[in-house]
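Data first, discussion second: the structure below is written as structure tokens.
Protein chains: 2
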Amino acid sequence: MATEVEVIFQPEGKRVRIKSGTTILEGAKLVGADLTSICGGSGKCGKCKVIIEKEGENAGSITEMEKVLLSPVEISAGYRLACCVSVQGNLTVRIPEESRTGRQRLQVEGIETPVKLEPLINKYFVKLPTPTLQDPRSDVDRLLDELQVRYGLENPKVSYNLLQRLPLILRDSEWEITVVVWDNDTIIGVESGDTTHRIFGYAVDVGTTKLAGYLLDLNTGRVMAVESLMNPQIPYGEDVITRITYAEKGFKEQKELQQALVEGINQILKRLLDKTDVNPEEVYEMTAVGNTAMHHLLLDICPKYVALSPYPPAIRRGLNINAENIGMKINPNGNIYVLPVIAGFVGADTVAVILATEIYKRDELCMALDIGTNTEVFLGNKDEILACSCASGPALEGAHIKQGMRAATGAIEKVGIDPDTFEVKYWTIDNAKPCGICGSAMVDILAEMLKAGVIEVTGTMNKDVASPRLRAAEGGLEFVLAWGKETSTGEDIVFTQKDIREIQLAKAAMHTGTMALMRKKGIVEKDIDIVFIAGAFGSYIDPENARIIGMYPETTLEKVRIVGNAAGTGARMALASKTARKTAEEISDKVTYVELAAEPNFQAEFFNSNVLPYADLARYPQTSELLEKLGKYPKKPPKYFH
Amino acid sequence: MATEVEVIFQPEGKRVRIKSGTTILEGAKLVGADLTSICGGSGKCGKCKVIIEKEGENAGSITEMEKVLLSPVEISAGYRLACCVSVQGNLTVRIPEESRTGRQRLQVEGIETPVKLEPLINKYFVKLPTPTLQDPRSDVDRLLDELQVRYGLENPKVSYNLLQRLPLILRDSEWEITVVVWDNDTIIGVESGDTTHRIFGYAVDVGTTKLAGYLLDLNTGRVMAVESLMNPQIPYGEDVITRITYAEKGFKEQKELQQALVEGINQILKRLLDKTDVNPEEVYEMTAVGNTAMHHLLLDICPKYVALSPYPPAIRRGLNINAENIGMKINPNGNIYVLPVIAGFVGADTVAVILATEIYKRDELCMALDIGTNTEVFLGNKDEILACSCASGPALEGAHIKQGMRAATGAIEKVGIDPDTFEVKYWTIDNAKPCGICGSAMVDILAEMLKAGVIEVTGTMNKDVASPRLRAAEGGLEFVLAWGKETSTGEDIVFTQKDIREIQLAKAAMHTGTMALMRKKGIVEKDIDIVFIAGAFGSYIDPENARIIGMYPETTLEKVRIVGNAAGTGARMALASKTARKTAEEISDKVTYVELAAEPNFQAEFFNSNVLPYADLARYPQTSELLEKLGKYPKKPPKYFH
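Residue numbers (the working numbering), protein chains in the order written: chain A, 1 to 642; chain B, 1 to 642.
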């Protein structure tokens, strides 16, 4: 029989009781300790480092896995991997700074796209005649007759939960009530007195990494408050595939992931309500967007096949479900509209971005990139929209990068390299001492290294660079961005050859998508009228540096529009407008999904896209000219695959 | 602090642990012991007699209430009233035969009214193409596209619960599935392979006293099995008012009544399924009828105002609700259609009876009586239908009658009295030794006593009758139906003057209803073309004797049709046919409810109706002639109130 043991997580002091034999990581998940895990506990990422503080004998001996993933220095300092330690007795561990997800800078603002206010929630104030022997109509008939006469509302249904209490509500309110009607079809609430001036809604963007929530006044369309939170599913794995794998273990695990998400969304709502005078019962509708995996996990729909070729989602079209059904803490009779998805890897967030950027009705030819762990690329206008999904991976969010981290306090977010002296200038989030590098800086690093000649267009470091910053290390060359004396940990912050390869892979994935869509559509760079860059990450990158490394097709910078969290904008539009929902459904119908893996020249294009900015330099004339001017133009042209 | 004590109920030996201070009756409810209680434990009916067998000191001393309601003989024999005893320690009690509801004869058969088979549940078999990279449609799109192409089904919704498991079901079934669609609007089930030949439904008549259930094959319309059960709410009170009063105590109590009902309905379903090869998951729809109180209690809708003038129901129109919502053990996505009601005291059972008797489309002028604890009377044809409710009370079901009992084994169910010798011939249920009198016999007793001159048309016993059977007793005269030597208890079975008054009250209530409707409609007895007598009780009465005592307007017997449990028939029709449901809604709209208490001459009519058959004997010419022929015609005409 397994006995129960206690694990204490420092510095927060969180405690959890678990069965002996359980891993520290599982304990951390249970108690919500802030411990990162990218691979979901499969012993691959080496990110869930903890330091054993007390009763280390109960942690068992170090595993082969840990010997590979931890450095000898770390091992001697008492570091272990939380996923590798099966707890045998009480234990106290410390979660070091590098293993924390930390306070994140979460982009929640997006463009504002005007939309005609026509929410699905409507309120109608009525005074009803009291029942008499001459007029003993049923409560519902009494109500519906009045709604018909006064507002022309024809036979709406009455939500069953409401019906159960209706006789009491009507009499407690002395027959003067405000009726809450959804889509002029179903009465979902009856409130005492005249509350027609209070109609609220909640829009949520469910990102793999981040949740963003918006409380809207649906009488005015005004955003009353904005809040965000890390996705509480992160302890189950940083990417969607790891989470889907977890969900596949069984219905219990699938439900567990849903509950984590629902709790997070409820937590955001609570914060929004705390900022305002709105009660949860007054929020009668919610809209949600997210990629297809988040969509399925939020709805507790089996997500398995979303991750298996040919990646069919369970459902594409938009869904209305009852709030209580999934434990959402708005009004129990409230409705949740989940926007439609497009395909297994092109989700409701993409539909929302298309809605927000209005590509679906533009004459101009638009390309859009919604950059995240998966980057969706789409190309088109009112006539046609093509979309694909690129496995850009979590490198830009800090994973697989030696000193990568998310966009939290102390992260280096912007970098400049002097092409002559190779001296580095960097900016950190909250101006704190640097402790790692976040995605926007990585784009800068590659672009600046390229301009300074620290790397070739192939991404290979130039060992001839005469600077102490470029040095040999175990595993290859590395470049020092910040010296130990400047950093919060006291260690040098470096960017390695391997790190460059990771960013190149991410960039190549996106670029392959853009090329595939352009080829499919038979257009070239100059045909593009607008490039939209969406997503939290996208908001902080330097568009010029991104163009230099070839993250998107080379256009003039005036054509580039950074639209921030446009998915959130789309969710808000769908909340405020019935027409926007109809448009979202039409977008989902209209967009043509392009499966990159099925494209004939996918592999070649991927290799070509690894080059900075691209193997065919003629397609990046401005970048080529700049490099030439700086004297960094490659002597030997890069190899181009056909 | 209250300690826990144990009460054992003999002869079943059921045990229950309750807090000391709880009454025996509450304990009996908890453990489901077969103990009658008409007043719901308010110490008024004196029916919940138990005999203390062991540890009587824990029953406390006898209360004033019990001294009134129990005879000295009973008190000396250890009788107590279960509602008056607060248990102070362990106790063993015996439930005597007279306190048991016993095995009941429950009428469940009703007329068969042909209906075009058009159930709301339809099944469609489809083979779907498997997903490929060239065809990565979502599972739902794949399914709906095929349903559209093969069966012309346009965009049905998919039940959310089903959607959650859909990806697994489709693949486990290797894409060959039968889709279960409700109302061609919502997909509520997906079954592996071709199961189109198996479509089942469940119809339930929820009576105050009795539940009747029918399992239907919806491919053929055939009734596969029939079962019935006493309403498990009976321990909470025998009539609807007592139960509503119990429900008013709080939401918990209201829910408790619902749960009791739902468990009963589930129990019937289990028996039906056990008789056949049908699985509960294969039952996708259920219909239910019941009076308005049962309707509200089944749906856990606040029933308070149904019992308060002007008695408005919460909802009149028919309702579709999800089976899982109220814990009904058919398929969790199954639909429950609850037929519409008409008013607070004219329920869905009446709508069902009108549906089954087809009064709503007849040219003939019809009167119908659905006899029960409440008797609904309705009058009309295709042009108009008037309906009212009469508080006939539970006397005909045995309550308030000294030796009354339900229609269970040993109940005298039919009686004849020789007008010359006053000798009695009786028949009992199951030919057992008599132990009480059930309703059908009470009608006979009154009619036979009237014909034999044992009573006057006023109901007063004629003390000059020369028979040892008519004797004086405490409280007035009584008539011996069976001598002690013939009965199972060894005691004489008698019918008292007070019993006669009770039946007269019931009869007068019904008759007042019939008169009020006739007057409202401006017709007289001879205008009536058909008299329908419905209800379990109605199936066993002698129509002639019922006419003699004036239970219904005097017509020729050929015009009288006994239709049995026509409410059950209506429930089955609504299960088998969408048109029947539409008709039911139209009936609910069309029927004009007449509130008897609001009728100007209600009181006078009630007094007139107390006379057997009626104060205006000229309106009962056949009965008058018969009595005259037998020499029992009243010398002094009864008083007629205007």
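All residues carry an ideal CB built from backbone N, CA and C; glycine is no exception.
Treat the numbers as computed from the prediction; the structure is a model and nothing was measured.
- Taking a Cβ-Cβ threshold of 7 Å, the residues of chain A close to K304(B) are P167, in chain order.
- Counting only runs of 3+ residues, the beta strand (DSSP E) found wholly inside the stretch 528 to 578 of chain B occupies 530 to 534, 560 to 564, in chain order.
- At least one C-beta of chain B is nearer than 7 Å to the C-beta of L133(A).
- Listed in chain order, the positions of the stretch 153 to 184 of chain B with a beta carbon within less than 8 Å of a beta carbon of chain A are V158, Y160, L163, Q164, R165, L166, P167, L168, R171.
- Of the candidates A472(A), S609(A), E384(A), E384(A) places its Cα closest to the Cα of K521(A).
- D300(A) reaches chain B at Q164, counting residues in chain order whose Cβ is nearer than 7 Å.
- Between the alpha carbons of F422(A) and Q504(A) lies a distance of about 21 Å.
- Taking 7 Å as the cut-off, the beta carbon of L120(B) is found closer than this to the beta carbon of K578(B).
- For L308(A), the closest C-alpha among the options L365(B), E456(B), D542(B), P136(B) is that of P136(B).
- Using a CB distance cut-off of 7 Å, R316(B) counts as an interface residue toward chain A.
- Collapsing the DSSP output to three states places D172(B) in a helix.
- Between the alpha carbons of T409(A) and V7(A) lies a distance of about 28 Å.
- Boundaries of the beta strand (DSSP E) around N122(B): 121 to 127.
- Cβ contact annotation for E112(A) (same chain, cutoff 8 Å, sequence separation greater than five): T569, in chain order.
- With the criterion set as a beta carbon lying under 9 Å from some beta carbon of chain A, the stretch 513 to 533 of chain B has no members that meet it.
- L575(B) and D349(B) have their C-alpha atoms spaced approximately 14 Å apart.
- CA-to-CA, the gap between I75(B) and C83(B) works out to about 15 Å.
- Taking 7 Å as the upper bound on Cβ-Cβ separation, chain B lies near no residue of the stretch 184 to 210 of chain A.
- Under DSSP, no beta-bridge partner is assigned to S138(B).
- When beta bridges are read from the DSSP output, R15(B) appears opposite I8(B).
- Here S588(B) is near P340(B), since their CB atoms are less than 7 Å apart.
- The Cβ atoms of M510(B) and S392(B) lie closer than 7 Å to each other.
- For the pair D239(A) and T373(A), the CB atoms are nearer than the 7 Å cut-off.
- Residue range 186 to 192 is occupied by the beta strand (DSSP E) that includes S192(B).
- Linking I549(B) to A447(B) through their CA atoms gives a straight-line distance of about 6 Å.
- Scanning chain A for C-beta atoms nearer than 9 Å to the C-beta of E263(B) yields nothing, as the closest lies near 19 Å away.
- Ranked by Cα distance from K582(A), the first of N320(A), K252(A), L30(A), L273(A) is N320(A).
- Cβ contact annotation for P332(A) (same chain, cutoff 7 Å, sequence separation greater than five): N161, A323, E324, in chain order.
- Rounded to whole angstroms, the separation of the alpha carbons of G290(A) and A506(A) is 21 Å.
- In summary, the residues of the stretch 329 to 353 of chain B whose CB is separated from some CB of chain A by less than 9 Å are V341, A343, G344, in the order they occur in the chain.
- With a beta-carbon spacing of about 39 Å, E585(B) and G404(B) fall beyond the 8 Å limit used to define contacts.
- Residue state for E478(B) is assigned as strand, using DSSP reduced to three classes.
- Boundaries of the beta strand (DSSP E) harbouring A368(B): 366 to 370, taken from the DSSP string.
- Under the Cβ criterion of 7 Å, E486(B) is not counted among the residues facing chain A.
- If you draw a straight line from the Cα of M461(A) to the Cα of L450(A), it is about 9 Å long.
- In chain order, P313, A314, I315, R316, R317 make up the part of chain B whose C-beta sits under 9 Å from the C-beta of V140(A).
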